[in-house]
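Heads up, the thing below is written out as structure tokens.
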Amino acid sequence: MTSNPDTLRNTVAQNLHSLKTFPKIVLDILDVLDDEDANAHLLVDLLHRDPVLSGKLLGMANTLGGKPPGERPITDVMTSVSMLGFSRIRSLVSTLSLREAFSPVMPTLMANQFWEHSVDVATAAKVIAEHCGLKSDLSYVAGLIHDIGILWIAINYPAEYVHMCAPEDDTTHNVIESERQWIGTDHAEVGAILCELWGLPDEIRQSVAGHHNPDQMPPCKYVMNVHLAEVACNALNLGQRPRNGVSYFSEQTLPLLGLDWKQIPDLLGEIDARARFMRTFAGVSSGRTNR
Amino acid sequence: MSTLHAYIATFEAVPGMRLARTLSKVRNHQLFLLPAGTELTEVLIRQMVVRDIHSLVVEEPDARSEEQREQDRVRVEAEVRHCFRGADLTQPAIADLYASVLEYRMPHA
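In order, the protein sequences belong to chains V and A. Under my numbering, the first residue of the first sequence is numbered 90, with each subsequent residue one higher. Under my numbering, the first residue of the second sequence is numbered 7, with each subsequent residue one higher.
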């Protein structure tokens, strides 16, 4: 494949297959960013329009929401949203919608590992965003789709994709270099084009483009957030994936985010706990945790 | 018996657990504050969920022997080292990250 930007963009656009449409409900959530309560009714309206999602939420509210024994089951969306918390619901709806839209094109094993890692990085990006005063819903979605280019590559270059994957215990393998060697581009570049075609906010597009090599991008807190989120998930061995491993971490990350190393152990603890919960909440957990 | 500090998601909290750190959240100009040492009840846990408090640090009894603790320390250090097997630990950012992961995971070991 050519590395000419225009040609590459056309190639990605012509081979979107089932990646053609980004779920509208996620775009709607991004439109009502991080507003704690004012948009509760808007969120409930969005959920009412999707009976499958609403049904899942009601089920979760009844099992997870802390309903005392003997109380009547929760049967309305507004109550279930209140019981589970608005912020969690926005993350959950984004996750379930994207999985529903894109999973049918993925082999099952790839889908499980892909979404587990994506939810981990999304949760970590949200935690970091909350500590750094960044938009947390936007950061969650950026983390959720940071590897979306891999999906496009696996669909369009299935034979090459097998060769690009590192042996499971080899973290010295550079996936970006390998992808460039086999198809002339990499998943970060492809992912950024997908974000552009879907009309996603520029912070998300940049984060997807720069999550492996943030130093090659103009300084951007959202890029550094997703970079740190992925490095933290690998360092914590979340999901205990054989390929988890740290090979590079930009020196610029903490200064740009305004974080101090003294904060990092607690931040890692929060990421570990919340990712463990979110994996279960979103139904993507392999059951392997550090706890 | 000694205790550990464990990071848990709010939905993992159960009545009877004790907060190891003070918990505070400002929402709609109202402060929700639970001091360290507070014993969690069903009502408090529900209030935390509704206020979008996602995680907390609780005390956990540690009944391990000194020998078990040492074995856990060795295991955790090996796991962390394995995660950094492809990294250059002489680079300052990598070295600081490695130390931070150990600092977080070691108290549990």
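Beta carbons are placed, not taken as given, at the ideal position from N, Cα and C, and that holds for glycine.
Item to check | Residue range of the beta strand (DSSP E) that includes A:Lys31 | outcome: Leu29 to Arg33
Checklist entry - Exposed or buried, which one is V:Arg179 when buried takes at least 16 other CB atoms within 10 Å? => result Classification for V:Arg179: buried.
Item to check | Amino acids of chain A, ordered along the chain, whose beta-carbon sits closer than 9 Å to that of V:Trp350 | outcome: Contact of V:Trp350 with chain A by beta-carbon distance below 9 Å involves Asp102, Leu103, Ala105 and Ser106.
Item to check | Close Cβ partners of A:His11 (< 7 Å) along its chain, the five nearest in sequence each way excluded | outcome: Ala26, Val63, Glu65 and Pro113
Next on the checklist: I want to see whether chain V comes within less than 7 Å of A:His60, judged by CB atoms only; does it?
Outcome noted: Judged by the 7 Å Cβ criterion, A:His60 is in contact with chain V.
Checklist entry - Under 7 Å between C-beta atoms, does V:Trp118 make it to chain A? => result Sequence inspection shows Ile at residue 118 of chain V; the Trp mentioned does not correspond to that position. Output row for V:Ile118: interface = no.
Checklist entry - Can a CB atom of chain V be found closer than 7 Å to the CB of A:Val49? => result no
Checklist entry - Taking the Cβ atom as the reference point for each residue, do V:Pro94 and A:Glu109 lie within a distance shorter than 7 Å? => result no
Next on the checklist: Is A:Gly92 close to chain V? Criterion is C-beta to C-beta, closer than 7 Å.
Outcome noted: For A:Gly92, the answer is yes, since a Cβ of chain V falls inside 7 Å of its Cβ.
Item to check | Beta carbon proximity, A:Ala99 to chain V, threshold 7 Å | outcome: yes
Checklist entry - What are the boundary residues of the alpha helix (DSSP H) that V:Ser169 is part of? => result Val166 to Leu173
Item to check | Unbroken beta strand (DSSP E) run spanning A:Asp68, endpoints | outcome: Counting along the chain, the beta strand (DSSP E) containing A:Asp68 begins and ends at Ser61 to Asp68.
Checklist entry - Quick one, are the C-beta atoms of V:Val210 and V:Glu319 less than 7 Å apart? => result yes
Checklist entry - Are there three or more Cβ pairs, one per stretch, closer than 8 Å when the stretch 309 to 328 of chain V is compared with the stretch 197 to 217 of chain V? => result yes
Checklist entry - Run through DSSP, which three-state label would V:Tyr250 get? => result helix
Item to check | Distance CB(A:Arg33)-CB(A:Arg57) smaller than 7 Å | outcome: yes
Item to check | Residues of the stretch 354 to 374 of chain V whose Cβ lies closer than 7 Å to any Cβ of chain A, in chain order | outcome: Within the stretch 354 to 374 of chain V, Pro354, Leu357, Gly358, Glu359, Asp361, Ala362, Arg363, Arg365 and Phe366 place their CB atoms closer than 7 Å to a CB of chain A, listed in sequence order.
Checklist entry - Which of the three DSSP states, helix, strand or coil, is assigned to A:Tyr13? => result strand
Next on the checklist: Which residue marks the beginning of the alpha helix (DSSP H) containing A:Leu39, and which one marks its end?
Outcome noted: That residue, A:Leu39, is in no alpha helix (DSSP H); its beta strand (DSSP E) goes Gln36 to Leu40.
Next on the checklist: Within the continuous alpha helix (DSSP H) that includes V:Leu233, where are the two ends?
Outcome noted: Ser225 to Leu233
Next on the checklist: Contact defined as beta carbons within less than 8 Å: I believe V:Val182 pairs with V:Ile265. What is the distance between those atoms, to the nearest angstrom?
Outcome noted: No, V:Val182 and V:Ile265 are not in contact; Cβ-Cβ is about 31 Å, not under 8 Å.
Checklist entry - Can you name the residues of chain A whose CB is closer than 8 Å to the CB of V:Glu268? => result What V:Glu268 touches in chain A: nothing, since even the nearest Cβ is about 17 Å away.
Item to check | Neighbouring residues, chain A, relative to V:Glu340 (Cβ below 9 Å) | outcome: Neighbours of V:Glu340 on chain A, chain order: Gln97, Pro98 and Ala99.
Item to check | Simplified DSSP state of A:Ser71, which is helix, strand or coil | outcome: A:Ser71 falls in the coil class under three-state DSSP.
Item to check | Minimum length 4: unbroken alpha helix (DSSP H) runs contained in the stretch 298 to 376 of chain V | outcome: Whole alpha helix (DSSP H) segments, 4+ residues: 310 to 324, 342 to 346 and 353 to 370.
Next on the checklist: Let me make sure I understand the geometry here. Which of V:Phe175, V:Asn263 and V:His301 has the alpha-carbon closest to that of V:Ala281?
Outcome noted: The shortest CA-to-CA distance from V:Ala281 to any of V:Phe175, V:Asn263 and V:His301 is the one to V:His301.
Item to check | Proximity of V:Val101 and V:Val279 at Cβ, strictly below 7 Å | outcome: In contact: V:Val101 and V:Val279 (Cβ atoms closer than 7 Å).
Checklist entry - Can the beta-carbon of V:Glu205 be found less than 7 Å from the beta-carbon of V:Val335? => result no
Checklist entry - Since V:Leu173 meets chain A, which of its residues come closer than 8 Å, beta carbon to beta carbon? => result Val55
Checklist entry - Can you list, in chain order, the residues of the stretch 313 to 325 of chain V whose Cβ is nearer than 9 Å to any Cβ on chain A? => result Val320, Ala321, Asn323, Ala324 and Leu325
Next on the checklist: Could you tell me the alpha carbon to alpha carbon distance between V:Thr152 and V:Val312, rounded to whole angstroms?
Outcome noted: 36 Å
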